[in-house]
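Q: One structure follows; several queries about it will come next.
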Amino acid sequence: MRRCISLALNAEGRTYPNPMVGAVIVYNDRIIGEGWHHKAGQPHAEVNAVNSVLIPDRKFLPASTIYVSLEPCAHYGKTPPCAELIIRTHFRRVVVGCKDSFKEVSGKGIDMIRRAGIEVKVSVLEEQCRHLNRRFFAMQELARPYITLKWAETADGFIGMRVGDDPVPVNISDSVCRSFAHHLRHTEQAILVGVSTVVADNPSLNTRYWTGNSPRIFVIDPHSRCPQNAKIFFASIPPTLFVDKSTKTSGTDKVPIDFSSPDSLSEVVKHIASLGLQSVLVEGGAFTLSRFIEAGLYDEIHVFKSAELLGDGIKAPTIPHATLLSDERVGNCRLMKWKKL
Ligand SMILES: NC(=O)c1ccc[n+]([C@@H]2O[C@H](COP(=O)([O-])OP(=O)(O)OC[C@H]3O[C@@H](n4cnc5c(N)ncnc54)[C@H](OP(=O)(O)O)[C@@H]3O)[C@@H](O)[C@H]2O)c1
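Numbering (the numbering used here), first residue to last: -7 to 333.
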């Protein structure tokens, strides 16, 4: 199952809106086939695994076990159901990492295979398999995108500087951290910042220091302060600005929100979900991140902590009670990741 997960990760960030899935076929303790789902519309992991089996090994298929990180599908989508392929191949045994919560599949794939008389074992490395598709499951089960909050802070807990009342940018992390951060951007479908970050930093918010997709850009800009010549407006899909409904600003790229309501951030997140985007990376600044933390609207928090001291500036958000997932050295920083309790 660990091999299934690492195969699935070959397509990290590329299977949207589908989940990442890996499959391994084992005969007599020997892997005779393996595959993963590369891209939506293309064959599923099980099909690629079966097709990878060499002709001399084909005769072993009915005596083999197929391991698959996610429940095989039971419905006709862009491709025929994998449960049917498994039944037709007549595997001896099927081992499933975790159930699919997509209503067209959930439990149906497993039932179909069992009814055909094939032994099915479910929930092997279930937590890891669910973590692999955390973005997909958040959308299916919570009807909202998976939310990751990310920032870089100095050893004395600042994320930026102020000159007078104006926030100004500082470089806290180095180029290695930047590549890590851009890898994260590639795996997320949306990126969101507060308007003061656009005003102070004029960021591009795209994926430049990693090969991959750039997330769709969203800015919380209640009072329409976003400069019209900001770099974000050069993105291939124009950014969406969340403006306060009282400003009566309109346009296809503007979404009115009642920012006086305690549910304003839920509305923001609901809008992102309505576009089918399964994950959002909130990259700052401190004000915006703190509002997401207060609203309990986050799943993971990633903090790059450098050894440098700033002495004064914009305080980094306070980390809420959360489970530390990892703590590693990356470039000039410690990268700490937390998961919501
Ligand atoms: N180190 C890092 O990782 C990092 C990352 C990003 C930014 N930064 C730095 O952070 C600084 C900017 O941070 P910041 O905390 O001052 O500002 P910010 O979070 O970027 O933007 C705050 C503004 O966004 C609007 N806003 C955001 N969330 C809102 C909500 N829930 N409800 C209503 N309005 C909301 C408000 O705009 P209005 O005032 O118009 O109402 C608010 O004043 C810059 O210096 C930047 O360089 C550092």
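Even for Gly, the Cβ is constructed at its ideal location relative to N, Cα and C.
Tell me whether W330, by its Cβ, gets closer than 7 Å to a heavy atom of ligand 1.
A: Indexing the sequence shown from 1 puts residue 330 at position 338. False, no ligand heavy atom lies under 7 Å from that Cβ.
Q: Check whether the Cβ of V155 lies closer than 7 Å to any heavy atom of ligand 1, and answer yes or no.
A: In the sequence shown, residue 155 corresponds to position 163, counting from 1. Incorrect: V155 has no Cβ contact closer than 7 Å to ligand 1.
Q: Run the proximity test for P214: is its beta-carbon closer than 7 Å to any non-hydrogen atom belonging to ligand 3?
A: Among the ligands in the structure shown, ligand 3 does not appear; only ligand 1 can be found there.
Q: What first and last residue would you give for the alpha helix (DSSP H) that runs through K262?
A: Start at 1 with the first residue of the sequence shown, and residue 262 comes out as number 270. K262 -> alpha helix (DSSP H) spans 256 to 266.
Q: Ignoring anything shorter than 3 residues or poking outside the segment 18 to 101, list the beta strand (DSSP E) runs there in chain order.
A: With a minimum length of 3 residues, the continuous beta strand (DSSP E) runs that stay inside the segment 18 to 101 are 22 to 28, 57 to 62, 85 to 90.
Q: Which residues in the same chain as Q132 place their Cβ atom closer than 6 Å to its Cβ, once the five residues preceding and following it in sequence are excluded?
A: Within the sequence shown, the letter at position 140 stands for residue 132. Closer than 6 Å at the Cβ level, and outside the excluded window around Q132, lie S93, F94.
Q: Determine the contact status of G5 and G156, defining contact as a CB-CB distance below 8 Å.
A: To locate residue 5, count along the sequence shown from 1; it is residue 13. To locate residue 156, count along the sequence shown from 1; it is residue 164. The answer is no: Cβ separation not under 8 Å.
Q: To which residues of the same chain is S56 closer than 7 Å at the C-beta, ignoring the five residues directly before and after it?
A: Within the sequence shown, the letter at position 64 stands for residue 56. These residues qualify, in order along the chain: I17, V18, Y19, I24, F83, R84.
Q: If you draw a straight line from the alpha carbon of G102 to that of V60, how long is it in whole angstroms?
A: Counted from its first residue, the sequence shown places residue 102 at position 110. Counted from its first residue, the sequence shown places residue 60 at position 68. Checking the sequence shown, residue 102 turns out to be Ile, not Gly. Cα-Cα distance, rounded: 12 Å.
Q: What three-state label does DSSP hand C169 in the structure shown?
A: Locating residue 169 in the sequence shown gives position 177, counting from the first residue. Reduced to three states, the DSSP call for C169 is helix.
Q: Among the residues of its own chain, which have a CB less than 6 Å from the CB of S206, if the five just before and after it don't count?
A: On the sequence shown, position 214 is the one that residue 206 refers to. Cβ within range, chain order: N198, T199.
Q: Use the C-beta contact count for P161: other C-beta atoms within 10 angstroms, 16 or more gives buried, fewer gives exposed.
A: As a position in the sequence shown, residue 161 is number 169, starting the count at 1. Per the 10 Å Cβ criterion, exposed.
Q: Quick one: is T140 buried, meaning 16 or more other Cβ sit within 10 Å of its Cβ, or exposed?
A: The sequence position of residue 140 within the sequence shown is 148, counting from 1. Buried, by the Cβ-count rule.
Q: Nearest to V88 by CA position, among E180, L62, A130, A265, is which residue?
A: Taking the sequence shown and counting its residues from 1, one reaches residue 88 at position 96. It is L62.
Q: Which one or two residues does DSSP pair with R321 in a beta bridge?
A: Counting from 1 along the sequence shown, the entry for residue 321 is found at position 329. DSSP, once it has assigned bridges, lists R326 as partnering R321.
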